[in-house]
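K.L.:
Sharing a structure here in structure tokens format.
Dropping the structure here:
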């Protein structure tokens, strides 16, 4: 196999598992949001089963660290969405920050309520937290994609009607 063929095979393998080349843009808008999602999942476990995380990090409460990383990852993800490309950088920052804070704090509130009304089983609570977290992330992603598609469709309609 030639070097070019091997390089192409590596690239397609990386793409299949969700890895992108290490560029500034990919670091900010792909890897930071991925890190945020990992922290979001850990945050869900922390809220639903605090004893488990306390066993891993016995000397400190990591809730605020997980929450901060989750908010930053969400904000970077929202900031780079196509529907915000026409806004000024300042407004994109405000909109993405607002969306990230509302999403994450709303999730924490939901998990806190679920924890009080769910069974006392830590295993079930942990699974419930992870499942609701995954559901919220997927729903949020699909919602933003829907908005992106609508904005692109409207922009395309405006361009074609001006011709």
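Residue numbers (the working numbering): 4 to 166. We put the beta carbon where it would ideally sit given N, CA and C, even for glycine.
1. DSSP three-state call for residue 89: helix, strand or coil?
2. Within 10 angstroms of its Cβ, does residue 45 collect 16 or more other Cβ (buried), or is it exposed?
3. Take the Cβ of residue 106 as the centre, count every other Cβ of all protein chains shown within 10 Å, and call the residue buried at 16 or more, exposed below.
4. Just to confirm my understanding: we take residue 104, look at its own chain, exclude 5 residues before and 5 after, and list those with CB closer than 7 Å. What are they?
5. For the 8 Å Cβ check, are there 3 or more pairs between the segment 75-89 and the segment 29-46?
6. Give me the Cα-Cα distance between residue 15 and residue 127, rounded to the nearest whole angstrom.
7. Please report how far the alpha carbon of residue 60 lies from the alpha carbon of residue 116, in whole angstroms.
8. Look at the alpha carbon of residue 148 and the alpha carbon of residue 129, and state the distance between them as a whole number of angstroms.
9. Return the CA-CA distance between residue 66 and residue 90, expressed in angstroms with no decimal places.
10. Among 113, 136 and 79, whose alpha-carbon lies nearest the alpha-carbon of residue 168?
11. Can you list, in chain order, the residues of its chain whose CB lies under 7 Å from that of residue 139, leaving out five sequence neighbours each side?
12. Residue 26 by DSSP, collapsed to three states: which one?
13. Do the CB positions of residue 69 and residue 43 come within less than 9 Å of each other?
14. Is the closest heavy atom of the ligand GTP to the C-beta of residue 148 under 8 Å?
P.N.:
Let's see:
1. The residue labelled residue 89 in the question sits at position 86 within the chain shown. Three-state DSSP puts residue 89 in coil, outside helix and strand.
2. Residue mapping note: residue 45 aligns to position 42 of the chain shown, counting from 1. Residue 45 comes out buried.
3. Start at 1 with the first residue of the chain shown, and residue 106 comes out as number 103. The residue in question, residue 106, is buried, as its Cβ has 16 or more Cβ neighbours within 10 Å.
4. Numbered from its first residue, the chain shown carries residue 104 at position 101. Excluding residues within five positions, the ones whose Cβ falls inside 7 Å are 74.
5. yes
6. Residue 15 sits at position 12 when you count from the first residue of the chain shown. Residue 127 sits at position 124 when you count from the first residue of the chain shown. Roughly 38 Å separates the two Cα atoms.
7. For this step, residue 60 is matched to residue 57 along the chain shown. For this step, residue 116 is matched to residue 113 along the chain shown. Distance between the alpha carbons of residue 60 and residue 116 is about 24 Å.
8. Here residue 148 refers to the residue found at position 145 of the chain shown. Here residue 129 refers to the residue found at position 126 of the chain shown. Going from the Cα of residue 148 to the Cα of residue 129 covers about 29 Å.
9. Start at 1 with the first residue of the chain shown, and residue 66 comes out as number 63. Start at 1 with the first residue of the chain shown, and residue 90 comes out as number 87. Their Cα atoms are separated by approximately 33 Å.
10. Shown here, the chain extends from 4 to 166; a query on residue 168 therefore has no answer.
11. Sequence index remark: in the chain shown, residue 139 carries index 136 (1-based). Cβ neighbours of residue 139 beyond the five flanking positions: 110.
12. The residue labelled residue 26 in the question sits at position 23 within the chain shown. If DSSP states are grouped into helix, strand and coil, residue 26 belongs with coil.
13. Translated into the one-based positions of the chain shown, residue 69 becomes position 66. Translated into the one-based positions of the chain shown, residue 43 becomes position 40. It is a contact, given that the beta carbons lie within the stated cut-off.
14. Of ligands this structure carries none, so the ligand GTP is not represented either.
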